[in-house]
Structure formats: C-alpha cells, structure tokens
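Worksheet: the structure to be examined is printed underneath.
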Amino acid sequence: MADISIPRADKGFKLVFTVQDSTGAAYNLSGYTIKLKVWKLGGSDAPIVDSDCVAISEAAGTCSYTIGADDFLVAGLYKCELELTKTDHIESTRSYTLEVTESP
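Numbers 1 to 104, taken from full-length UniProt numbering, label the letters of the sequence shown in order.
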C-alpha cells in the first residue's frame, strides 16, 4: 500500500508533509530550502519532480508542495522524498511510496 495516493492528472492541490527526526519529534526546518523529489519506482533516472516546497511552520517541521499540471500524468508507483538543504549541508528524509491512480 502506498503512503500517498494521487489521481492521475490531478493538479493544484497541496501535499502536506511533517518532517520528523528518528525519535518522531518535529524536525526544525528553519534555514532550510526544501525540495520534493519524485522518481519512478525502480528507476534511477532523473526525478520527474524536483521542485521547491513551502514551509508552513518551520518549528513544527511542516511544509507543502502544490501539485503542478504536468507532475503526475502517468499512473504507476513512484518513490519520493524531501531534500533539505542548508549551506554546505544536504540531507534527505525517509522515502515515501506514492501511487498515481487512474482517474475515474
């Protein structure tokens, strides 16, 4: 079962993420640039999505990504993660499974 499910070709709505440390506490995002990266599951090509997220509450570790018109046009399974960048520091969150489903 996927962590996130999106109907194919849906756009304009927000995915909201809460970044946590290994103990489950909120990860403070202050000073970080946050990107959502998405790859076809099992693929190692360039990400199909590599775009900025917007911090909602840095102290609470929350951020959002607004789905673009061309982000998820093909149904299937994908891997996604958030990339957190500060000066001379890059780290990635755990990976999530994202399923793009056929629209009804």
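Even glycine gets a Cβ: it sits at the ideal position worked out from N, Cα and C.
Take residue 8, set aside five residues on each side of it, and the residues of its chain with a beta-carbon closer than 8 Å to its own are 72, 73, 74, 75, 100, 101, 102, 103, in chain order. For the pair residue 65 and residue 15, the Cα-to-Cα distance works out to about 5 Å. Listed as beta-bridge partners of residue 50 by DSSP are 37.
Per the coordinates, the alpha-carbon of residue 83 lies some 13 Å from the alpha-carbon of residue 61. The C-beta distance from residue 78 to residue 38 rounds to 5 Å, short enough to meet the 8 Å contact threshold. When the Cα atoms are used, residue 12 and residue 89 turn out to be separated by approximately 31 Å.
Taking 8 Å as the cut-off, the Cβ atoms of residue 58 and residue 36 do not count as close.
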